[in-house]
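Working notes for the structure below.
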Amino acid sequence: MPKSYTPNWFFTALLDNHINQMMARYSCLRALRMDFFYRKDTPDFLQPDHRWLELQLRMLLEQVEQFENMVGFFWVIEWTVDHGFHAHVVFWLDRQRVKKIYPFAERITECWRSITHN
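In the working numbering, the protein residues as written are 26 to 143.
Here's what the structure looks like:
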């Protein structure tokens, strides 16, 4: 972690609580981390704030929640010069029932491309 980064104590506490609740509910979890961003050559990249990305993330998560054995998720939105507004998302899968994680990543990617048209 960069020395200039100071963790937000409230966000860290929320995230710790979320993880603890998921671990208490499921005996074995698998985390799938994915990053979602816009290509620089699209109008979405130039959005002046995070609200458009948040709306599209919510659309994505509505679809992903319907996947069998998808048991939860959390996400954060960031802004950088290179990627503009982008999101880091962790999807929780029930590891008792899921052996291969790659098919989930492919399906989620297809949903994202459908929503963002890229």
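Even for Gly, the Cβ is constructed at its ideal location relative to N, Cα and C. Here the structure is a predicted model, which means the values were calculated and not measured.
- Distance from the CA of Tyr51 to the CA of Thr37, rounded to the nearest whole angstrom, comes to 21 Å.
- Residue pairing by DSSP leaves Thr141 without any beta bridge partner.
- The beta carbon of Val115 lies closer than 6 Å to those of Ala56, Arg58, Phe99 in the same chain, with the five residues before and after it left out.
- Residue Tyr63 holds the alpha-carbon nearest to the alpha-carbon of Ser139 among Asn45, Tyr63, Leu39.
- Sixteen is the threshold: when 16 or more other Cβ atoms of the shown chains lie within 10 Å of the Cβ of Leu118, as they do, the residue is buried.
- Arg55: not part of any alpha helix (DSSP H); member of the beta strand (DSSP E) spanning 54-62, first to last residue.
- Within the same chain, and ignoring the five residues on either side of Phe110 in sequence, the residues whose Cβ sits closer than 7 Å to its Cβ are Gln72, His75, Leu78, Ile102, Trp104.
- From the listed residues Ile133, Cys53, Met47, the smallest Cα separation to Lys124 is found for Cys53.
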